[in-house]
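For the sequence shown, counting from 1, position 199 maps to 186 in the numbering used here; every step adds exactly one. Ideal Cβ positions, reconstructed from N, Cα and C, are used throughout, including at glycine. Everything below concerns the one structure shown next.
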Amino acid sequence: MATLKPLIGITAHVAMVDDGVGVSAAHNVAQVTYAKAVRKAGGIPVLLPLGDATDAAEQLDAVDGVLVTGGADVNPDRYGARPEAHTEPADPARDEYEIAMIRAARAGERPLLCICRGIQVMNVALGGTLRQHYDDHFDLHRFNEDAHRVRVEPGTLLAKIVQTHELGVNSLHHQTIDALAPALRASAYSDDGVIEGVEAGGARFALGVQWHPELLRHRPEHLALFEALVDASAPR
Ligand code: MN
């Protein structure tokens, strides 16, 4: 019997994980909170194991919506730059998989929510570039409270979802969007001019945020992002 709740695929990458028995290569989503937020919003979270572009396309067919998670820096090769001093080691397989997933989701009109690294991969996947290091946007101590505010652009999908034009957000990133991909519109800015939200036009939901709403899911305006993804993913 088909479920009435939308299946939300959450991208998992491969990392060396110590599970108490030993260290091994494991499919990993760095935070349990992504799945918790999807569940709280009324969706069924399922983890999508990293694969190639064909795997990404097949997985996409099997789910109703996709959440692209946070993580380490995108390989600068992907946007025509060389790694700078603060840029983290590349994970080419993860870049390849998530870029394929985002492009497939756009082509297949599947709803897409991209968080932190996700917004950066989304921008790169659609032709944009990244600034490789920026101070003052990594505040681990306030991971589940406000680190800075963002201004939400009137008339955007984001504004409709959060129902406000000013939002307190956490900030756990050291890279930012530089050149915005042509297909994207900026939907939120920090006071120092960092693009903190993006969205694609078109009929289907495609949203990226630079902050971590899953760690702020106790606040309705942040849970609303997951509710909007789940709602957009509902069979129609
Ligand atoms: Mn920030």
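Distance cut-off 7 Å: residue i Cβ against heavy atoms of ligand 1
| i | result |
| --- | --- |
| S220 | no |
Residue i classed as buried or exposed, judged by whether at least 16 other C-beta atoms fall within 10 angstroms
| i | result |
| --- | --- |
| V108 | buried |
| Q150 | exposed |
| S11 | exposed |
| T41 | exposed |
| F192 | buried |
| E201 | buried |
| D82 | buried |
| R104 | buried |
| L242 | Since the displayed the chain opens at -12 and closes at 223, residue 242 lies outside it and no answer follows. |
DSSP-derived helix/strand/coil call for residue i
| i | result |
| --- | --- |
| Y66 | helix |
| T116 | coil |
| I183 | Per the sequence shown, the amino acid found at residue 183 is Glu instead of Ile. Three-state DSSP puts E183 in a strand. |
| N110 | helix |
| S220 | helix |
| R104 | helix |
| V4 | strand |
| R129 | helix |
| A12 | strand |
| A175 | strand |
Enclosing beta strand (DSSP E) for residue i [first to last residue]
| i | result |
| --- | --- |
| Y121 | That residue, Y121, is in no beta strand (DSSP E); it is neither H nor E in DSSP. |
| R206 | Looking at the DSSP string, R206 is not in any beta strand (DSSP E), and its letter there is neither H nor E. |
| R26 | Segment T20 to K27 is the alpha helix (DSSP H) holding R26; no beta strand (DSSP E) there. |
| G155 | E153 to V156 |
| H135 | H135 to V139 |
Span of the alpha helix (DSSP H) around residue i
| i | result |
| --- | --- |
| D48 | A40 to A49 |
| D82 | P79 to A94 |
| L145 | L144 to V149 |
#### Entry: Residues with C-beta closer than 5 Å to any heavy atom of ligand 1, in chain order
H124 and S158
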